[in-house]
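Participant: So in my numbering, the last one in the sequence shown is 665, and the numbering has no gaps at all. We put the beta carbon where it would ideally sit given N, CA and C, even for glycine. On a predicted model such as this, the values are computed, not experimentally measured, just so you know. Provided herewith is a single structure, encoded as structure tokens, for subsequent inquiry.
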Amino acid sequence: MNSSISFVPAWAQHAIWYQILPERFCNGDTSNDPTAQSLAGGRLGGSTDDAWAPTRWTGDWYERQNWEAGEGRDPWMSMHDRRYGGDLAGIIAKLPYLQDLGINAIYLNPVFDSPSHHKYDGASLHHIDPHFGPDPQGDRALMASEVPDDPSTWVWTSADRLVLKLIEETHARGMRIIFDGVFNHVGVSHWAFRDLKEKQQASRFADWFIVHQFRDEAAGKAFSYEAWRGYSTLPELRKVGDHLAPGPRDYIYAATRRWLAPHGDVKRGIDGWRLDVAPWVPHGFWKDWRALVKSINPEAYLVAENIRDVAFNVPYLEGDEFDAVMNYNFAFACDEYFFRDTTRIATSRFDGLLRELREAYPACVAPVQQNLFGSHDTARLASHAVNRDRLDYRAFDETYHPRDSRAPLFDTRKPNAHERQLHKLFALWQMTYLGAPLVYYGDEAGLYGANDPCCRKPMLWPELQYDDEAMGPDGKPRAKAEKIAFDTALHATYQQLIALRHAIPALRTGEVRTLLCDDDRQVLVHLRGDEAIVAINRSEQEQEVVIAFALPAGWNDRLHGGAIVASAQGQTTLRLPPLWGAVLAA
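Spelled out as structure tokens, the structure:
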């Protein structure tokens, strides 16, 4: 692809991302925790059970709460009804933890007003959820004073002001922060949809949505509308040609301006957006929206959630829509190489898939792609190590849930030492490869679990004492209770690898050239911009390999010091530990 153009923000190639699901990260202010009354039927399933209460942060994940045990309640849906109390105060309190880990960029799952724990069913795009701030009741009263489709009437709630403090403190630490934008659909509690549901064709928001049939009780006709993937809680916004309908388009534009430049000050705003289900929104909208964003902040970073193949992503990454995508194709390839035994792809195949990704888009894209593995939608990275050969990550939203009859038997146990080493090997690769690595909260602390909702357990913190995980997903006691605690050794590995990435610029910006790709010994060696070498040994045995590269004077193994056996006459001999590697640089 053309290497002469660059349309991405320069800072993004140096980013080490940390994804936070706010409700599950840290409860910094227990006074704002939800109650049965404050949620008032807004939870999934619409429970108004007065026995409902926030779930204890340190409790056994699969143990059902008293309010979950009611007759006819689906235990898996009850997990979605839970609240643990994570909030903005908690994120602010843990910024030193993130900085100490080496994180310099934060991606927040949706923080806007919504009745769910995940908040992809927005009730607003211009207000932070009141339960994330210090005064939920007061914020509700302020919000009620607005005309919500008139930005001139918008107020700043206590939660809105607290998110500005979070942005300020993030920036003061030299870190960036982006919000999650959900522009394809809203929730049924959104103010425009509520008006439509009540007033039907008389609603002034009727042209915001895709209505199949208005309610006509005399004729026995029920109200029906287009919903994302058939989920009735997620009504889709109407599209007109290659754009969104004018009403929702203008509203999204106004919300975009509000968060990129609060009170007209871009320095107080977020540093970009992650865009949910981007392929469902027309290209025309994305082109115009990008122009708006870049006119406000030319250095804003725009990353799309595109869980599709490489060819599908090409039109989104040509400089007029997004800077990057969440690099699920990187994750798919890594799953098939690091987390398979009998179905593992060859080292040469792995190298070829990575080359395809590097060469598919303009050269400026590869260094800023969000190279992820775990996310709020997928099984945990640690559980991929446990469930080798059982999962097809390429179909993660269709299979491998422990309650899904279509899925292979998913093992929900804690990883053993061998599986933790596979986890560490992947982390080594992720932190030394081209592209911006993304750590899903808790992957560095040892969290494990199946996909949604089990990938959304409360964060492990070293200062907290956690119950054993004694119950299994079937609601029965486990044969052996699992000890739950912050994994200090795994955290130290992440800390070491992130520090290494910061210390060696070539790991962030250097081009990639394959020096050795050995299928038999499962060894892959890359040269990074003539300034570093990364060697990976996927096999279970120590491997000694020779590469056609003489190390410049002063180079050493920055990982453990012992990998270099000899270097002379245009060759270097390396000794690589099993399931580990080496990073060679000055």
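Would F284 and L275 be called neighbours here (beta carbons separated by less than 8 Å)?
Facilitator: Taking 8 Å as the Cβ cut-off, F284 and L275 qualify as a contacting pair.
Participant: Could you tell me if the beta carbon of E438 falls within a distance shorter than 7 Å of some heavy atom in the ligand SAH?
Facilitator: This structure lacks the ligand SAH, and indeed carries no ligand of any kind.
Participant: So, at 8 Å on beta carbons, what are the nonlocal neighbours of D420 in its own chain, with the 5 sequence-adjacent residues on each side left out?
Facilitator: Excluding residues within five positions, the ones whose Cβ falls inside 8 Å are R467 and D468.
Participant: Near V591, which residues of its chain fall below 7 Å by C-beta distance, leaving aside the five closest residues on each side in sequence?
Facilitator: Contacts found: R437, L513, H605 and R607.
Participant: What ranges does the alpha helix (DSSP H) occupy inside the stretch 520-597, keeping only unbroken runs of at least 4 residues that lie completely in it?
Facilitator: Listed in chain order, the complete alpha helix (DSSP H) runs (minimum 4 residues) inside the stretch 520-597 are 567-582 and 585-588.
Participant: Looking only at its own chain, which residues have a Cβ that is under 8 Å from the Cβ of Y332, when we skip the five neighbours before and after it?
Facilitator: The answer, listed in chain order, is W368 and L371.
Participant: Could you tell me how far apart the beta carbons of P327 and L316 are, in whole angstroms, since I believe they sit closer than 8 Å?
Facilitator: Going by Cβ atoms, the distance from P327 to L316 rounds to 4 Å, so yes, they are a contact pair.
Participant: Are the CB atoms of A383 and A357 nearer to each other than 8 Å?
Facilitator: Yes, the Cβ-Cβ distance between A383 and A357 is below 8 Å.
Participant: Restricting to runs no shorter than 4 residues, where is the alpha helix (DSSP H) found entirely within the stretch 81-161?
Facilitator: Within the stretch 81-161, the complete alpha helix (DSSP H) runs of at least 4 residues are 115-118 and 154-160.
Participant: Using a Cβ-Cβ cutoff of less than 7 Å, which residues in the same chain neighbour F418 once the five nearest sequence positions on both sides are dropped?
Facilitator: Within the same chain, F418 has close Cβ partners H463, A464, R467 and L501.
Participant: To the nearest angstrom, report how far apart G124 and L313 are at their CA atoms.
Facilitator: Interpretation of G124 is limited by its pLDDT of 44, a score under 50 that renders its predicted location unreliable; the figure taken from the coordinates is listed afterwards. For G124 and L313, the distance between alpha carbons rounds to 14 Å.
Participant: What are the start and end residues of the alpha helix (DSSP H) that includes N408?
Facilitator: Residues Y407 to F417.
Participant: For R255, which beta-bridge partners are listed by DSSP?
Facilitator: Answer is A184, bridged to R255.
Participant: Only counting the same chain, and skipping five residues up and downstream in sequence, which positions put a Cβ closer than 6 Å to that of A645?
Facilitator: Closer than 6 Å at the Cβ level, and outside the excluded window around A645, lie T652.
Participant: Quick check: what's the CA-CA separation for E523 versus L433?
Facilitator: Roughly 24 Å separates the two Cα atoms.
Participant: Would you tell me roughly how many angstroms separate the C-alpha atoms of Y440 and E397, rounded to the nearest one?
Facilitator: Taking the straight line joining both Cα atoms gives about 7 Å.
Participant: For Y416, is the classification buried or exposed, using 16 other Cβ atoms within 10 angstroms of its Cβ as the cut-off for buried?
Facilitator: So Y416 ends up on the buried side.
Participant: Given that a residue counts as buried once 16 or more other Cβ atoms are within 10 Å of its Cβ, and exposed if not, what is D547?
Facilitator: Classification for D547: exposed.
Participant: Count the other C-beta atoms from every protein chain shown that fall within 10 angstroms of the C-beta of F475, then say buried if there are 16 or more, exposed otherwise.
Facilitator: Buried, by the Cβ-count rule.
Participant: What is the residue span of the alpha helix (DSSP H) that S646 lies within?
Facilitator: Element bounds for S646: not the alpha helix (DSSP H) but the beta strand (DSSP E), I643 to A647.
Participant: Who pairs with D636 in a beta bridge, going by DSSP?
Facilitator: L663.
Participant: Quick check on T312: does DSSP put it in helix, strand or coil?
Facilitator: Correct three-state label for T312: coil.
Participant: Can you check whether the CB of N111 is closer than 8 Å to the CB of P213?
Facilitator: Against a cut-off of 8 Å, the Cβ pair of N111 and P213 comes out as a contact.
Participant: Could you tell me how far apart the beta carbons of H362 and P394 are, in whole angstroms, since I believe they sit closer than 8 Å?
Facilitator: Between P394 and H362 the Cβ distance is about 7 Å, and since that is below 8 Å, they are a contact.
Participant: What residues are listed by DSSP as bridge partners for K318?
Facilitator: In the DSSP output, where bridge partners are listed per residue, K318 has L323.
Participant: Starting from the C-beta of Y186, find all residues in its chain whose C-beta is less than 6 Å away, skip the five residues before and the five after it, and write them out in chain order.
Facilitator: So the qualifying residues of the chain are W96, Q98, I257 and R353.
Participant: Rounded to a whole number of angstroms, what is the C-alpha to C-alpha distance between V319 and F86?
Facilitator: Their Cα atoms are separated by approximately 28 Å.
Participant: Does DSSP classify A515 as helix, strand or coil?
Facilitator: Correct three-state label for A515: strand.
Participant: Just to confirm my understanding: we take D461, look at its own chain, exclude 5 residues before and 5 after, and list those with CB closer than 6 Å. What are they?
Facilitator: Reading the sequence as shown, one finds Ala at residue 461 and not Asp. Only P494, H502 and Y527 meet the Cβ criterion.
Participant: Look at the alpha carbon of P552 and the alpha carbon of W140, and state the distance between them as a whole number of angstroms.
Facilitator: For P552 and W140, the distance between alpha carbons rounds to 9 Å.
Participant: Count the other CB atoms within 10 Å of the CB of T671; is the residue buried (16 or more) or exposed (fewer)?
Facilitator: This structure gives no information on residue 671, because the portion of the chain shown stretches from 80 to 665.
Participant: Going by CA-CA distance only, name the one from E435, P175 and G351 that's closest to D388.
Facilitator: Ranking the options by Cα distance to D388, first place goes to E435.
Participant: Just how far apart, CA to CA, sit D166 and V360?
Facilitator: If I take the Cα positions, the gap works out to 29 Å.
Participant: Could you have a look at T651 and say whether DSSP puts it in helix, strand or coil?
Facilitator: The answer is strand: DSSP assigns T651 an E or B state.
Participant: Which value, in whole angstroms, describes the spacing of the CA atoms of K562 and R459?
Facilitator: Spanning the two alpha carbons is a distance of roughly 17 Å.
Participant: Taking the beta carbon of V234 as the centre, do at least 16 other beta carbons fall within 10 Å, making it buried, or is it exposed?
Facilitator: Exposed, by the Cβ-count rule.
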